[in-house]
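Undergrad:
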Amino acid sequence: MRILVTARESMSKDRTRSINALNALVRSNDLGIDARKKLTPVQIEEVSRWREREEELALSIARAEAVRLAKHILDLEGQLKTNEKQLDELVKVSEAAPLLEEKGFQAVTAAKCLVAWSHEGRVHSEAAFACLAGVNPIPASSGNTVRHRLNRGGDRRLNSALHMAAITRMTYDSETGEYVEKRRAEGKTDKEIRRCVKRYLARRVFRILNAPALEKKVQEAA
Numbered sequence: 001m002r003i004l005v006t007a008r009e010s011m012s013k014d015r016t017r018s019i020n021a022l023n024a025l026v027r028s029n030d031l032g033i034d035a036r037k038k039l040t041p042v043q044i045e046e047v048s049r050w051r052e053r054e055e056e057l058a059l060s061i062a063r064a065e066a067v068r069l070a071k072h073i074l075d076l077e078g079q080l081k082t083n084e085k086q087l088d089e090l091v092k093v094s095e096a097a098p099l100l101e102e103k104g105f106q107a108v109t110a111a112k113c114l115v116a117w118s119h120e121g122r123v124h125s126e127a128a129f130a131c132l133a134g135v136n137p138i139p140a141s142s143g144n145t146v147r148h149r150l151n152r153g154g155d156r157r158l159n160s161a162l163h164m165a166a167i168t169r170m171t172y173d174s175e176t177g178e179y180v181e182k183r184r185a186e187g188k189t190d191k192e193i194r195r196c197v198k199r200y201l202a203r204r205v206f207r208i209l210n211a212p213a214l215e216k217k218v219q220e221a222a
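For the sequence shown, position 106 matches number 106 in UniProt numbering, and the numbering has no gaps at all.
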């Protein structure tokens, strides 16, 4: 699973880099496609099907490179889909399987959480897991103002997974939405609210991943 997560990160960066390069290329060369905005998936697929044309050498070279980039992007997207399918299969037979039932969590985010947690006993407490994820509150009070700021440290891959889960819950989960509105009414900023949601998710993830070991200890004690 760690190999798949690392490979996915590499492929995602490569895809983003290739998309940016393709956008820059079609904007700087008149290749007959509207590139005033970021190219859509449909446009990228269209570019991948371009054929050679009778045109000046500079445009011919630019068109050939655009086709190469578009095909590479589509190939990476296929690899990413396969990667996600493999992660889903592995997560479903691991300690992280219950995470798939949690709102905001899918195979990729669950896998990132499991890889960071690793195994029972590696992280000794919820607070330590929150610190590992970089979601523990850091005091940033001044005078009569009491506040906390975001932690820029920790495992950024795990932090990213919790961030995406938090964004999803804040957008689509009604219960989380009510919490967000309540905190806004208290004067909290969106960043502060998001930090609180991520801290809650870190606690939830830690408890879910440690549940099998805890249940085993209870059975042994009984």
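Note that beta-carbon positions come from the ideal geometry of N, C-alpha and C, so glycine has one too.
Anyone know if the C-beta pair for leucine 87 and alanine 111 falls short of 9 Å?
TA: yes
Undergrad: Would you mind working out which of Glu175, Thr189, Arg194 and Glu84 sits nearest leucine 160, comparing C-alpha positions?
TA: Inspection of the sequence shows that residue 160 is occupied by serine rather than by leucine. Residue Arg194 is the option with its Cα nearest to serine 160.
Undergrad: Just to confirm my understanding: we take serine 18, look at its own chain, exclude 5 residues before and 5 after, and list those with CB closer than 8 Å. What are they?
TA: Shown here for serine 18: same chain residues with a beta carbon closer than 8 Å to its own, the five before and five after excluded, namely Leu69, His72, Ile73 and Leu76 in chain order.
Undergrad: According to the Cβ coordinates, are arginine 204 and glutamate 101 closer than 9 Å?
TA: no
Undergrad: Distance check for lysine 13 and asparagine 20, CA to CA, integer angstroms please.
TA: Here the alpha carbon of asparagine 20 sits roughly 11 Å from the alpha carbon of lysine 13.
Undergrad: Please tell me whether, using a cut-off of 8 Å, the distance from the CB of histidine 119 to the nearest non-hydrogen atom of the ligand SAM is below it.
TA: By its list of ligands, the structure shown contains no ligand whatsoever, and the ligand SAM lies outside what it can speak to.
Undergrad: What are the start and end residues of each continuous alpha helix (DSSP H) run of 4 or more residues lying completely inside the stretch 76-155, in chain order?
TA: 107-117 and 126-133
Undergrad: Determine the DSSP secondary structure at lysine 188, reduced to helix, strand or coil.
TA: Here lysine 188 sits in coil by DSSP.
Undergrad: At which residues does the alpha helix (DSSP H) containing residue 226 begin and terminate?
TA: In this structure the chain extends from 1 to 222, so residue 226 is not present and cannot be described.
Undergrad: In this structure, how does DSSP classify glycine 161 when only helix, strand and coil are distinguished?
TA: The sequence shown places alanine at residue 161, rather than the glycine named in the question. Alanine 161 falls in the helix class under three-state DSSP.
Undergrad: Below 9 Å between beta carbons: does that hold for leucine 114 and alanine 96?
TA: A Cβ-Cβ contact shorter than 9 Å links leucine 114 with alanine 96.
Undergrad: When the Cα of alanine 35 is compared with those of Ala66, Gly78 and Arg15, which residue comes out closest?
TA: When only C-alpha atoms are compared, the closest one is Ala66.
Undergrad: In three-state terms, what does DSSP make of alanine 213?
TA: helix
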